[in-house]
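In this text, residue positions in the sequence shown follow our numbering: the first is 1, and each later residue adds one.
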Amino acid sequence: MDRKRLLRNPLIWILLALLIYLGFSQLFDDTRGYSEVTTSVALTQIQDGNVRDALVEDREQQLRLTLDRPIEVDGNETTQVLAQYPAQLSGQIFDQVRQVPGIAEYDTLVRQDSFLSTLLITMIPLALVLIVLFWFLNNAQGGGNRVMSFGKSKAKQLNKDMPKNTFSDVAGADEAVEELYEIKDFLQNPGRYQALGAKIPKGVLLYGPPGTGKTLLARAVAGEAGVPFYTISGSDFVEMFVGVGASRVRDLFEQAKQNAPCIIFVDEIDAVGRQRGAGLGGGHDEREQTLNQLLVEMDGFDARGGIILIAATNRPDILDPALLRPGRFDRQIPVAAPDLAGRRAILSVHSKGKPFAQDVDFESLAKRTVGMSGADLANVINEAALLTARENDSQITGAALEESVDRVVGGPKRKSKIVSEREKKITAYHEGGHALAAWAMPDLEPVYKLTILPRGRTGGHALVVPEDDKGLMTRAEMIARLVFAMGGRSAEELVFHEPTTGASSDIDQATKIARAMVTEYGMSAKLGAVRYGREQGDPFLGRSMGNQADYSLEVAHEIDEEVRKLIEAAHTEAWQILNTYRDVLDDLVLELLEKETLNRRDLERIFGSVEKRPRITAFNDFGDRTPSEKPPIKTPRELAHERGEPWPEPERTPTPVGSGAANGHGEAPGLPGASPFPAGGSAPARPDAPNDGGYGPDPVPAPAPAGNGNGVHGATPNGNGRPAGADGRQQPGRGSGYAPPPPAVAPNYGAPPDWRPATTPHGQSWPPANWGGQQGQAPQQPSPQNQQQDPQQQDPRQQGPQQQGPQQGGDPQQGPVRNGPWTGSSGTTDGPRTGDRRGDDPEAGH
1 MDRKRLLRNP LIWILLALLI YLGFSQLFDD TRGYSEVTTS VALTQIQDGN
51 VRDALVEDRE QQLRLTLDRP IEVDGNETTQ VLAQYPAQLS GQIFDQVRQV
101 PGIAEYDTLV RQDSFLSTLL ITMIPLALVL IVLFWFLNNA QGGGNRVMSF
151 GKSKAKQLNK DMPKNTFSDV AGADEAVEEL YEIKDFLQNP GRYQALGAKI
201 PKGVLLYGPP GTGKTLLARA VAGEAGVPFY TISGSDFVEM FVGVGASRVR
251 DLFEQAKQNA PCIIFVDEID AVGRQRGAGL GGGHDEREQT LNQLLVEMDG
301 FDARGGIILI AATNRPDILD PALLRPGRFD RQIPVAAPDL AGRRAILSVH
351 SKGKPFAQDV DFESLAKRTV GMSGADLANV INEAALLTAR ENDSQITGAA
401 LEESVDRVVG GPKRKSKIVS EREKKITAYH EGGHALAAWA MPDLEPVYKL
451 TILPRGRTGG HALVVPEDDK GLMTRAEMIA RLVFAMGGRS AEELVFHEPT
501 TGASSDIDQA TKIARAMVTE YGMSAKLGAV RYGREQGDPF LGRSMGNQAD
551 YSLEVAHEID EEVRKLIEAA HTEAWQILNT YRDVLDDLVL ELLEKETLNR
601 RDLERIFGSV EKRPRITAFN DFGDRTPSEK PPIKTPRELA HERGEPWPEP
651 ERTPTPVGSG AANGHGEAPG LPGASPFPAG GSAPARPDAP NDGGYGPDPV
701 PAPAPAGNGN GVHGATPNGN GRPAGADGRQ QPGRGSGYAP PPPAVAPNYG
751 APPDWRPATT PHGQSWPPAN WGGQQGQAPQ QPSPQNQQQD PQQQDPRQQG
801 PQQQGPQQGG DPQQGPVRNG PWTGSSGTTD GPRTGDRRGD DPEAGH
């Protein structure tokens, strides 16, 4: 315990005073040397005349005798004895002492209490009770506050003894670091900004998902700002007593004004800054009063100077608008999950000082951990170190990192779980169905790993890892995820003729995706581009209370029908894939039962004969809006290819995660990235053809082409799915300035070969399908002859990266559009941010 805190404890001083009192009592005790005897012994000595002198103490009712001849008391001879006598015998005792023959001296001692002593005896116990009561109240935990300082701020000022972080410790948030570095530079060099008339931002709001480094950024500012830094949590303002929160806000800014310039950091400001005028409280609510005082202090009538408020929150959507306006929080900095380059940098920071083996590939690890935050990546490295220590190894290996990622995503292995042969076989077919359905879909990321080992609350999973950090999803990509989700149930029905509970999580995820397509993203032709349902929540409760049905019962019925059609169509598509490649599925299950875990190279070998399916649908639900035949603009890279000009190829060909590396976990580490410009360092010259805004301001390399198993699905359209001319070039009258595309087969948005766009309103483009359109019929599968095409007629530059589907939508609150690996797992439901879905019943399913 801290010495200062120990000395401030009043109980210590009370005990010390008692010890001193007892010490002085023993020191000045005048009965020392007397041996205590019974009253009968003392009277016997008086009757025998063996008394030289005596003292009768009336108040204490004690008789002290000094004997002529020693007597034995407790084995020792003594001449001084002490005895007690009752008050009724005090007169008799005195008479007997006086009648002792030959007594030299006798006396009486009568003591009377003074007024002061009586007062002290009465007041001391009361004072002790009050002291103890005050101490308990003063140290009672009402949010860690003391009675006499309820209105005082609980902000802590960082001092030089505390560990400091700097901006060099922050990785994966370069934009946020740049914004905060400017504040630090303004505090240290204000003249450069004031000469231009610039003013320092009064407030900076850091918002983003948990674990992305908001608090770490604040600690870095504290370590580099060179000015006083106060830190406090949003929950430290509000207490059980009315007015405490507002008083603490005033005290906090008063301290800050006395030490200006300075920085105040409020962590989790949503605890005190939630929107007013809603919820269970009214205008008298304590939290609302605290927020009002905070608003006044940040930008009220009394101007404050030199105080910068930095706040962090995970819920910017529930903050009060008055708190977010310019003048209070001038800058609102998003701190999102890191991209590929950010994950590389974060892994580099957390791997410093740790011994790693030669087979560790951080590039592959960064690719596999799409969607993980900085805290997740730090946990991955730490788990790998713990696993290495558990095995008594001296270096962290690639296998340890692989296992640590699986532990963070799905939990630890359940090695002791006993699984029957039948259950293991059902699980293998279930996960194999996910993997085969994902492999055959052209708009889904490649399968990274397949396992039937129980982990956490799952019985197995098929892991799909994105190839990049794209943030948009097309309708075809979302449908491909529906097919992937229904692959497990389709395999159970196809092989065992009945479903199991293991598909509960898959059904739940598919329902979320399909309902979002219909109600949020406007991907239903029947219901149109309309948002159905609005979230109605209570800002004080922190979560939405549900969706308000702002549509009729008939529309609700149509929504349910559209969702059901999407899921059933995906179910049918997955069934057809598994039925077509049933032999491949059996081979996969046989090897999966033997090895229990298959990586991407194993899957590439097993699925060598599997061809990509045609894209499920082109979005042709345009109604009266006929698509334009004008092709999209050409990028500088595409124009350079058409003119035959050289364009530097990347020094490293992108490879899917888990394939092509020497260690089996990804590509080889340490290779530099490709430059987007030619060797001269600048982009190729633009053509002289007029094209107002037709070319982007900066050349951007086209994405790497991705093969798709046939010559149709990767074709890039010229704008409406049909060729501009017989040779694929722009027809006359289409306008100048558009570079002609290279000769190629007629692109068709990836639809079956006989598809053509509607040239008249409500025209049929291709055989009706039930993918959310009006017809509700199953799509016709093209013949194998139509699925194949002469590879010489297919321009590889026109192939789109069909296997690099996005994982995250533009809205951070979107449900099924997410960033991270996707898993199809047995007996699981929605779990962590990476897509691992865990079931309600740990033992349900497989």
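Think of the CB as a built atom: it goes at the ideal place given N, C-alpha and C, for glycine as much as any other residue.
Beta-carbon gap between residue i and residue j smaller than 8 Å
i, j, result
"alanine 49", "proline 101", "The residue asked about is misnamed: residue 49 is glycine in this sequence, not alanine. In contact: glycine 49 and proline 101 (Cβ atoms closer than 8 Å)."
"glycine 305", "alanine 260", "yes"
"phenylalanine 265", "phenylalanine 229", "yes"
"valine 129", "valine 81", "no"
"glycine 533", "aspartate 508", "no"
"alanine 491", "glycine 411", "no"
"alanine 171", "serine 348", "yes"
"valine 408", "valine 380", "yes"
"threonine 597", "lysine 449", "yes"
"leucine 436", "leucine 593", "no"
"alanine 87", "leucine 65", "no"
"alanine 312", "aspartate 267", "yes"
Euclidean distance between Cα positions of residue i and residue j
i, j, result
"phenylalanine 365", "alanine 176", "Checking the sequence shown, residue 365 turns out to be leucine, not phenylalanine. Cα-Cα distance, rounded: 24 Å."
"glutamate 391", "arginine 605", "32 Å"
"aspartate 58", "isoleucine 131", "36 Å"
"aspartate 330", "threonine 215", "19 Å"
"aspartate 251", "leucine 217", "25 Å"
"proline 466", "alanine 556", "34 Å"
"arginine 489", "glutamate 591", "20 Å"
"phenylalanine 136", "asparagine 9", "11 Å"
"tyrosine 193", "isoleucine 200", "8 Å"
"aspartate 376", "leucine 340", "14 Å"
"isoleucine 633", "proline 646", "20 Å"
"histidine 430", "histidine 350", "37 Å"
"alanine 198", "tryptophan 439", "56 Å"
"aspartate 602", "proline 446", "13 Å"
"glutamate 558", "isoleucine 232", "51 Å"
"glycine 487", "threonine 290", "53 Å"
"glutamate 554", "tyrosine 207", "40 Å"
"lysine 417", "threonine 369", "28 Å"
"glutamine 45", "threonine 118", "37 Å"
"aspartate 74", "serine 35", "9 Å"
"threonine 166", "alanine 345", "15 Å"
"arginine 414", "alanine 574", "30 Å"
Bridge-paired residues (DSSP) for residue i
i, result
"lysine 449", "Leu463, Asn599"
"asparagine 76", "Val73"
"phenylalanine 356", "Ile396"
"threonine 458", "Arg455"
"threonine 215", "In the DSSP output, where bridge partners are listed per residue, threonine 215 has none listed."
"lysine 413", "Arg455"
"tyrosine 207", "Thr313, Pro334"
"isoleucine 307", "Cys262"
"serine 35", "Val81"
"leucine 319", "Arg274"
Chain-order list of residues whose beta-carbon lies under 7 Å from that of residue i (same chain, five-residue window excluded)
i, result
"alanine 514", "Leu482, Val563, Leu566, Ile567"
"proline 355", "Ser394, Gln395, Ile396"
Sequence-distant residues of its chain with Cβ nearer than 6 Å to residue i (five each side left out)
i, result
"methionine 372", "none"
"leucine 15", "none"
"aspartate 299", "Gly327, Arg328"
"arginine 276", "Glu288, Asp320"
Nearest-angstrom Cβ-Cβ length linking residue i and residue j, presumed shorter than 8 Å
i, j, result
"glycine 522", "alanine 529", "3 Å"
"glycine 211", "glycine 374", "6 Å"
"leucine 319", "aspartate 270", "6 Å"
"proline 442", "arginine 600", "About 17 Å; that fails the 8 Å criterion."
"glycine 459", "glycine 502", "7 Å"
"valine 221", "isoleucine 310", "7 Å"
"leucine 55", "isoleucine 93", "Not confirmed; about 11 Å, so no contact."
"alanine 476", "arginine 615", "5 Å"
"alanine 322", "glutamine 293", "Not confirmed; about 13 Å, so no contact."
Sequence-distant residues of the same chain with beta carbon closer than 8 Å to residue i, five excluded per side
i, result
"aspartate 688", "Its pLDDT being 40, under 50, aspartate 688 is placed unreliably in this model, and the value from its coordinates should be taken loosely. Nothing meets the Cβ criterion."
"lysine 595", "Asp602"
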